[in-house]
Every structure is written in structure tokens, then in C-alpha cells.
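Chemist: Take the working numbering: the final residue in the sequence shown is number 245, and no numbers are missing along the way.
Beta carbons are placed, not taken as given, at the ideal position from N, Cα and C, and that holds for glycine.
Fair warning: this is a prediction, and the values are worked out from it, not measured in the lab.
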Amino acid sequence: MKLRKFRILFKTAVFVGLFVFIVSFVSGYFSERVKMYVAQKAQLVASDLMSETIKTDVLPYINLDNLIKFVTDDENKVKSIFVNTYQVNQIAAQVSGRLAALLRSFEGSELKSLELPLGIILSDTLFGSRGPAIAIRIFPVGSVVVDVVSTCENHGINNTLLTVAVTARVVFTAIIPLQKNDVEVDVWIPLVVHIVQGEVPRYYYANKDSEFIPHPIIE
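1. Would the C-beta of S50 count as close to the ligand NAP, meaning under 7 angstroms from any of its heavy atoms?
2. Using a threshold of 8 angstroms, state whether the C-beta atoms of I255 and V60 are closer than that.
3. Measure the alpha-carbon distance for I48 versus F41 and round it to whole angstroms.
4. Less than 8 angstroms separating the beta-carbons of V175 and T186?
5. Since L128 and L75 should fall inside the 8 angstroms C-beta cutoff, what is the C-beta to C-beta distance between them, to a whole number of angstroms?
6. When DSSP labels each residue in this structure, what does E141 get in the three-state scheme?
7. Rounded to the nearest angstrom, what separates I160 and P166 at their Cα positions?
8. Mind the definition here: the segment 112 to 124 touches the segment 84 to 102 only if three or more C-beta pairs lie below 8 angstroms; say whether that holds.
9. Confirm, please, whether the CB-CB distance from V109 to V190 is below 8 angstroms.
10. Taking all protein chains shown into account, do 16 or more other C-beta atoms lie within 10 angstroms of the C-beta of Y112, making it buried, or fewer, making it exposed?
11. Can you find the residues in the same chain that come closer than 6 angstroms, C-beta to C-beta, to I199, ignoring five residues on each side of it along the sequence?
12. Considering just the uninterrupted stretch of the alpha helix (DSSP H) at L267, what are its terminal residues?
13. When you compare each of V211, V218, L204 to V52 by their alpha carbons, which one comes out closest?
14. Compute the Euclidean distance between the alpha carbons of R163 and L140, then round it to the nearest angstrom.
15. Are the Cβ atoms of L247 and I107 separated by less than 8 angstroms?
16. Would you kindly check if the distance between the Cβ of V213 and the Cβ of S50 is under 8 angstroms?
17. Excluding five sequence neighbours on each side, which residues of the same chain lie with their C-beta closer than 7 angstroms to the C-beta of N115?
18. Between which residues of its own chain and L125 is the CB-CB distance below 8 angstroms, once the five residues before and five after are set aside?
19. Should V64 and I202 be called a contact, given that it needs their Cβ atoms to be closer than 8 angstroms?
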């Protein structure tokens, strides 16, 4: 009689435990925590792949000396800056072509580093990245958008920081069973960073006789 009662209690405990586990698993699987993890993981991996492709397959073959031209006056002061539009278009086309080939190469593939651990589904703080993993597949949505942008910012005293960079944007769909998330990946890689030095103004200070003297002192 006692053995029978023990078996009933044991089966009940197992059933309740299994039911709680299933409910917890399903609730965690469709939680915002999992969606955010999948999106961030896909964004990180895709961004690294895109950046590495641009740095290894495009940048070494760019002639940066002809990308920008500085026009100076008789005193060798920069009066204006020209960006080589023809080369900018070439760079954009090369980056677009290499990234398009990259996207075709891993479209829908299961990358080894792109996985959702079981521990994240149950509890990211308690189990972390432990347990078996579910593969995350990514698909590019649309085409890659590439641009070469230039910016000028104030830098120090009468100096200008000139930056010419290549940007790329791709929208991916990250898929795990019964779920999918759209992820936008932006890549920004500088081509040229140059400080254009301007004329530094003279500073004046008042001495004890209340006279304003330039610093440094002009002979």
C-alpha cells in the first residue's frame, strides 16, 4: 500500500515537474530575452563578417593618395579640399560587390558561432550559455546599401578633423524554429582621417601694469 502511494506521488511529482518545465521553456522561448539575444547575436556576427570582408578584400587595393586633394595657397595653408568623386564611386562599387558575394555565400547557412544556448531560454542569469544550442539561420533581406561619406568637425583650436568613411547597411532576418527577427546591420569603416591645421590665434594676457601683451611675444 505504501509502495503504491509512493509511486503515485512520484508520478505526480514527475508530471508536475515536467509540466512546469514545459511551461517555463515555452514562455522563455518566446520571451523578449530570447528575441533580443538572437537579434544581437546575428547583428554582431554579420557586422564582423562585413567589416572583415571590406578590410581584407577592398581596402588594400584602394589608392588613398588620390582620394582627396588639398589646395593650398602661397603660404602652404589649406584653402579647399576636393574629394575624388570617380574613386569614391569605384570604392562604393567594390564594397557593394564584395558584400553581395559575402551575403550569397552564407545566406541561410548555420554558422557555428551563431547559436542560441538552451540556458538562455530558461534563464540567462542562472544557466547562462550552458546546455545544447539551437542554430540561428540568417537571410539577407533586400540588397546592401553602400555609401562613402565625408565629414568635417572642429578639432582643437582652428583645426578641422576630416574623415572619409565607407558605410554599408544590410537588413537580415534571423530565424530559429517558430520565430524570426529582422535585424538591421550598419558598418562604418574610416578610409581617411586627417587633421587640417588652421592658423592658431595669438592669445593675450594682462600683466601687472594692465598692458595686454601677446603670447608668444612678437619681436
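Modeler: Looking at the coordinates:
1. As for the ligand NAP, it is missing from this structure, which has no ligand bound.
2. As shown, the chain starts at 27 and ends at 245. That puts residue 255 outside it, with no answer to give.
3. Computed Cα separation, rounded: 10 angstroms.
4. Using a Cβ distance threshold of 8 angstroms, V175 and T186 do not count as a contacting pair.
5. Sure, about 6 angstroms apart at Cβ, within 8 angstroms.
6. Looking at E141 - three-state DSSP - the assignment turns out to be strand.
7. In a straight line, the C-alpha of I160 is about 20 angstroms away from that of P166.
8. Using a Cβ-Cβ distance cut-off of 8 angstroms, the segment 112 to 124 and the segment 84 to 102 are in contact, since at least three pairs of beta carbons, one from each stretch, lie closer than that value.
9. Result yes, Cβ atoms of V190 and V109 sit closer than 8 angstroms.
10. Exposed, by the Cβ-count rule.
11. One point to set straight first is that residue 199 is Thr, not Ile, in the sequence displayed. Result list for T199: F165, V167, K206, D208, in chain order.
12. The question about residue 267 has no answer here: the residues shown for the chain are numbered 27 through 245.
13. Checked all of V211, V218, L204; the closest Cα to V52 is L204.
14. Roughly 8 angstroms between the two C-alpha positions.
15. Since the first residue of the chain shown is 27 and the last is 245, residue 247 is not available in this structure.
16. Between S50 and V213, the CB-CB gap reaches or exceeds 8 angstroms.
17. Beyond the five residues adjoining it in sequence on each side, N115 comes within less than 7 angstroms, by CB distance, of no other residue in the same chain.
18. Once the five neighbours on either side are set aside, the close Cβ partners of L125 are M76, T79, I80, V170, V172, A194, V196.
19. In contact: V64 and I202 (Cβ atoms closer than 8 angstroms).
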